[in-house]
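Working notes for the structure below.
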Amino acid sequence: MSLIRFLVRKITSRVLVFYLLLTLTFIIPRLMPGGAFAYLIENPNVTPEMREALIKAYGLDQPLYVQYYIFLRKLLLDGDLGVSYTYKRPVLDVILEALPWTLALVTTSIILSFSIGVPLGVWLAFNRASRTGVSVSGLLFIIRSIPGFWLGLLMLIIFGYYMGVAPLYGAYTYGVTYSNLYEWLADVISHMWLPILTLVLLILPFPTIYTRNAVVDVIEEDFVKTAKAKGLPETMVMLKHALRPASLPIVTLFALELGTSVGGALLIEIVFSLPGMGKLFYDSIYTSDYPLLLGIVIFVSAVTLALITTVEILYAIIDPRVRIR
Amino acid sequence: MRKVLSRSITIQPISLIIEYIGILKFVVSDFKGALGLTLLIIPTVMALFPGLIAPYDPWIPTGKPFEPPSFSHPLGTNDVGQDIFSELVYGARISLLVGVASALLTVLIGLTLGVLAGYRGGVLDELIMTVTDVMLLLPALPLMALLAVFLGPGYQNIVIIIALFSWPPVARMIRAQTLSVKENLYVEAARAIGASSLRIILKYIIPQLTPMLIAHTVLRVSGAMIAEASLSFLGLGDPRAKSWGSMIYWAQRSGAITGGAFWWILAPGIMITITVLGLGLIGYKLEEWANPRLRR
Chain Y
1 MSLIRFLVRK ITSRVLVFYL LLTLTFIIPR LMPGGAFAYL IENPNVTPEM REALIKAYGL
61 DQPLYVQYYI FLRKLLLDGD LGVSYTYKRP VLDVILEALP WTLALVTTSI ILSFSIGVPL
121 GVWLAFNRAS RTGVSVSGLL FIIRSIPGFW LGLLMLIIFG YYMGVAPLYG AYTYGVTYSN
181 LYEWLADVIS HMWLPILTLV LLILPFPTIY TRNAVVDVIE EDFVKTAKAK GLPETMVMLK
241 HALRPASLPI VTLFALELGT SVGGALLIEI VFSLPGMGKL FYDSIYTSDY PLLLGIVIFV
301 SAVTLALITT VEILYAIIDP RVRIR
Chain Z
1 MRKVLSRSIT IQPISLIIEY IGILKFVVSD FKGALGLTLL IIPTVMALFP GLIAPYDPWI
61 PTGKPFEPPS FSHPLGTNDV GQDIFSELVY GARISLLVGV ASALLTVLIG LTLGVLAGYR
121 GGVLDELIMT VTDVMLLLPA LPLMALLAVF LGPGYQNIVI IIALFSWPPV ARMIRAQTLS
181 VKENLYVEAA RAIGASSLRI ILKYIIPQLT PMLIAHTVLR VSGAMIAEAS LSFLGLGDPR
241 AKSWGSMIYW AQRSGAITGG AFWWILAPGI MITITVLGLG LIGYKLEEWA NPRLRR
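Protein sequences appear in the order of chains Y and Z. With the first letter of the first sequence counted as 1, position 16 gets the number 16 in the numbering used here; the numbers rise by one all the way through. With the first letter of the second sequence counted as 1, position 133 gets the number 133 in the numbering used here; the numbers rise by one all the way through.
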């Protein structure tokens with residue numbers, strides 16, 4: 001299959017997924033017991049005038065298909081996600097301010113955990129019978145059993161409270177003016193290293209165990225034995241011969257992991273009170289700020305889909321095998 | 001003890017060495033299951049007989065707020081003076097119940113869709129598998145939380161929500177298994193003598209899948225428990241019930257970290273981890289039992 005055809009097919013299918021998601025976010029609020037948008041009436045933050053305006057703007061007094069049309073038109077043509085009840089500003093603006101923090105946290109953590117996890121997995125496959133190898137596997141299994149947000153709290157207690165080497169909340173020191181970019185960066189890193197470490201630990205078991213199993217599958221193959229018999233150094237055998245066949249599924253895992261770890265990242269942000277999407281998400285649930293909540297769900301899903309698709313497309317450009325189904 | 005413990009947790013890979021120490025592998029692999037069961041004893045007993053273990057009613061303030069652990073309150077008291085250890089004991093029931101119920105519903109949905117897709121094939125198969133792939137792409141947690149917000153509090157809703165977002169991997173696995181079981185000669189024979197599709201599915205296909213189903217139900221319980229804890233941590237649990245997840249939520253909200261009340265946060269998290277770990281160990285052991293090819 002040519003690259004162009006692959007791109008067209010991939011992007012069309014992902015756009016369809018996004019459209020399905022939009023439809024879901026349209027339906028879910030209308031599932032609420034008490035009929036369509038009953039929640040508008042119950043929200044203490046919504047004044048009667050505001051409610052009238054909202055009912056008019058979303059066509060809530062009209063049949064469902066009209067509401068659906070208005071919903072899609074506002075969102076897709078105007079990029080309008082509504083106005084946040086609590087911030088009294090367009091949802092899109094509020095989200096765009098928070099998004100970079102979340103993106104930075106997620107991408108840094110995933111890239112770090114894969115760059116540690118894949119080599120660790122290869123090493124584990126070759127040392128699977130050794131005492132250290134077994135202990136590492138056991139440790140990874142235990143990490144996988146820990147609820148992510150609780151690990152965050154644990155890290156906060158250990159490093160933040162007891163050892164005092166990390167701040168208890170925030171992504172930067174409040175009320176400080178920076179003289180240059182490096183000062184700002186240093187401050188942010190001193191706040192972000194612990195949440196990143198937590199998320200890296202949480203993601204780590206997936207690439208590691210996956211790589212280990214994939215490499216174990218080929219370790220007994222003749223070409224690996226041949227490479228060893230030729231007298232190639234161990235690392236060369238590991239990386240060039242054993243890891244190569246496993247690289248394709250690892251990239252697929254990387255893309256999928258982007259999707260699953262976003263949820264984990266939101267919770268970690270809440271634990272560490274970072275100014276990202278997680279905190280917005282938590283606040284919007286707590287204050288019943290529904291336009292913001294819906295906006296976050298739509299945005300988080302859109303960004304996730306975009307990230308996954310980008311990784312897949314980049315890989316398809318590098319490796320033609322991917323383009324075949 | 002430690003050595004055996006860590007050794008037991010690896011999933012044994014293909015290895016010639018293993019053949020020579022087969023007997024050791026047997027002991028070790030049995031220990032894995034044994035360890036899993038041992039870990040599960042504590043939460044199970046708590047869930048079954050909370051009244052026998054808990055010293056107090058977790059709903060009644062029995063001390064001053066924020067008491068540190070003491071002889072009369074082993075894990076101290078919370079912000080309204082309720083005994084945290086008693087909360088922990090009573091929380092086991094809700095946490096386990098939600099986990100088990102969600103897992104059963106998840107496997108039921110996954111089984112139905114997986115068998116339909118695998119057995120019927122064709123357009124239905126493509127449709128189900130497309131939906132499955134789409135579900136796997138979407139970030140589950142934000143969508144689960146959105147549903148929880150709009151469906152309102154209550155553990156029945158949490159169970160349904162968790163199941164709605166957990167079935168895709170089960171459906172995939174069941175579909176693959178159904179495809180291979182379907183090829184067996186006795187299925188063909190049953191069809192030849194005119195057995196209906198429903199009869200073939202119920203009598204000849206599902207019984208073959210049962211070992212796998214049991215293993216996956218156990219594994220799903222642990223996944224569901226983590227999902228429940230995450231939703232509760234977002235404040236979307238049932239405010240009238242006490243679960244381990246909602247305990248952490250209230251601890252976090254009441255400033256347990258800045259106030260130094262760590263036991264309040266640590267205890268429920270440790271219980272969740274122990275239970276999930278125990279279920280995981282047993283689940284993988286059961287998977288090996290269901291699929292002997294995994295015993296490598």
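Note that beta-carbon positions come from the ideal geometry of N, C-alpha and C, so glycine has one too.
Use the C-beta contact count for residue i: other C-beta atoms within 10 angstroms, 16 or more gives buried, fewer gives exposed.
| i | result |
| --- | --- |
| Ser6(Z) | Since pLDDT at Ser6(Z) reaches only 39, below the 50 mark, its modelled position is unreliable, and no value is offered. |
| Ile308(Y) | buried |
| Gly152(Z) | exposed |
| Trp193(Y) | exposed |
| Pro48(Y) | exposed |
| Met46(Z) | buried |
| Tyr172(Y) | buried |
| Met236(Y) | exposed |
| Gly245(Z) | buried |
| Leu305(Y) | buried |
| Ala189(Z) | exposed |
| Glu221(Y) | exposed |
| Gly259(Y) | buried |
| Arg14(Y) | buried |
| Asp319(Y) | exposed |
| Gly259(Z) | exposed |
| Lys279(Y) | buried |
| Leu314(Y) | exposed |
| Ala192(Z) | exposed |
Sorted by chain position, which residues of the same chain lie with C-beta nearer than 8 Å to residue i's C-beta, five sequence neighbours on each side aside?
| i | result |
| --- | --- |
| Ser179(Y) | none |
| Val149(Z) | Leu236 |
| Ile265(Z) | Ile248, Ala251, Gln252, Ala256, Ile257 |
| Phe254(Y) | Ile110, Phe114, Pro207, Val311 |
| Met277(Y) | Ile95, Ala98, Leu99, Trp101, Thr102, Leu266, Glu269, Ile296, Phe299, Val300 |
| Leu24(Z) | Any reading at Leu24(Z) needs caution, since the residue's pLDDT is 37, under 50, leaving its predicted position unreliable; the model's value is listed next. Result list for Leu24(Z): empty, nothing under 8 Å. |
| Arg203(Z) | What sits at residue 203(Z) in the sequence shown is Lys, not Arg. Cβ within range, chain order: Ala190, Ala195. |
| Leu243(Y) | Val118, Val122, Thr211, Val215 |
Should residue i be flagged as near chain A, meaning a C-beta pair shorter than 8 Å?
| i | result |
| --- | --- |
| Pro58(Z) | Of the protein chains in this structure, namely Y and Z, none is chain A. |
I'd like to check one pair, residue j with residue i: are the Cβ atoms closer than 8 Å?
| i | j | result |
| --- | --- | --- |
| Gly91(Z) | Pro239(Z) | no |
| Asp79(Z) | Phe66(Z) | yes |
| Leu286(Z) | Ile214(Z) | yes |
| Ile209(Y) | Ser109(Y) | no |
| Pro291(Y) | Tyr85(Y) | yes |
| Ala265(Y) | Leu151(Y) | no |
| Ile297(Z) | Tyr155(Z) | Any answer about residue 297(Z) is impossible in this case: the structure gives chain Z only from 1 up to 296. |
| Thr106(Z) | Arg220(Z) | yes |
| Leu146(Z) | Ile28(Y) | yes |
| Ile174(Z) | Gly118(Z) | yes |
| Ala316(Y) | Phe6(Y) | yes |
| Val176(Y) | Asp187(Y) | yes |
| Leu39(Z) | Gly278(Z) | yes |
| Gly263(Y) | Leu204(Y) | no |
| Leu20(Y) | Val187(Z) | no |
| Ile272(Z) | Pro147(Y) | yes |
| Ile158(Z) | Leu231(Z) | yes |
Given residue i, which residues of its chain have a CB within under 6 Å of its CB, disregarding the five upstream and five downstream residues?
| i | result |
| --- | --- |
| Thr275(Z) | Pro43 |
| Leu22(Y) | none |
| Asp80(Y) | Lys74 |
| Gln67(Y) | Gly59 |
| Ser284(Y) | Leu292, Leu293 |
| Thr217(Z) | Ala103, Val107 |
| Phe281(Y) | Leu266, Ile296 |
Looking only at its chain, what residues have a beta carbon closer than 7 Å to the beta carbon of residue i, apart from the 5 residues adjacent to it on each side?
| i | result |
| --- | --- |
| Thr132(Z) | Pro168, Ala171, Arg172 |
| Pro58(Z) | Gln82, Asp83, Ser86, Glu87, Tyr90, Lys242 |
| Phe141(Y) | none |
| Gln177(Z) | Leu209, Met212 |
**Asked** Between the stretch 239 to 251 of chain Y and the stretch 163 to 171 of chain Y, do at least 3 Cβ pairs fall closer than 8 Å?
**Response** no
**Request:** Check whether the stretch 155 to 166 of chain Z touches the stretch 139 to 147 of chain Z, taking contact to mean three or more Cβ pairs, one atom from each stretch, closer than 8 Å.
**Result:** Enough Cβ pairs lie closer than 8 Å, so yes.
**Request:** Jot down the residue ranges of each uninterrupted beta strand (DSSP E) in the stretch 115 to 197 of chain Y, minimum 3 residues, whole runs only, in chain order.
**Result:** Positions of the beta strand (DSSP E) runs, each at least 3 residues long and wholly inside the stretch 115 to 197 of chain Y, cannot be given because no such run exists.
**Request:** Flag this pair as touching only if the stretch 219 to 233 of chain Z and the stretch 99 to 117 of chain Z have three or more C-beta atom pairs under 8 Å; answer yes or no.
**Result:** Contact between the stretch 219 to 233 of chain Z and the stretch 99 to 117 of chain Z is established, with three or more Cβ pairs separated by less than 8 Å.
**At least three beta-carbon pairs within less than 8 Å, the stretch 195 to 215 of chain Y to the stretch 121 to 132 of chain Y** = yes
**Item:** Complete alpha helix (DSSP H) runs within the stretch 71 to 124 of chain Z (minimum length 4 residues, chain order)
**Value:** 84 to 120
**Message:** Restricting to runs no shorter than 4 residues, where is the alpha helix (DSSP H) found entirely within the stretch 187 to 239 of chain Z?
**Reply:** Listed in chain order, the complete alpha helix (DSSP H) runs (minimum 4 residues) inside the stretch 187 to 239 of chain Z are 206 to 233.
**Request:** For the stretch 244 to 297 of chain Y, list the alpha helix (DSSP H) runs that are entirely contained and at least 4 residues long, ordered along the chain.
**Result:** 247 to 271, 277 to 286
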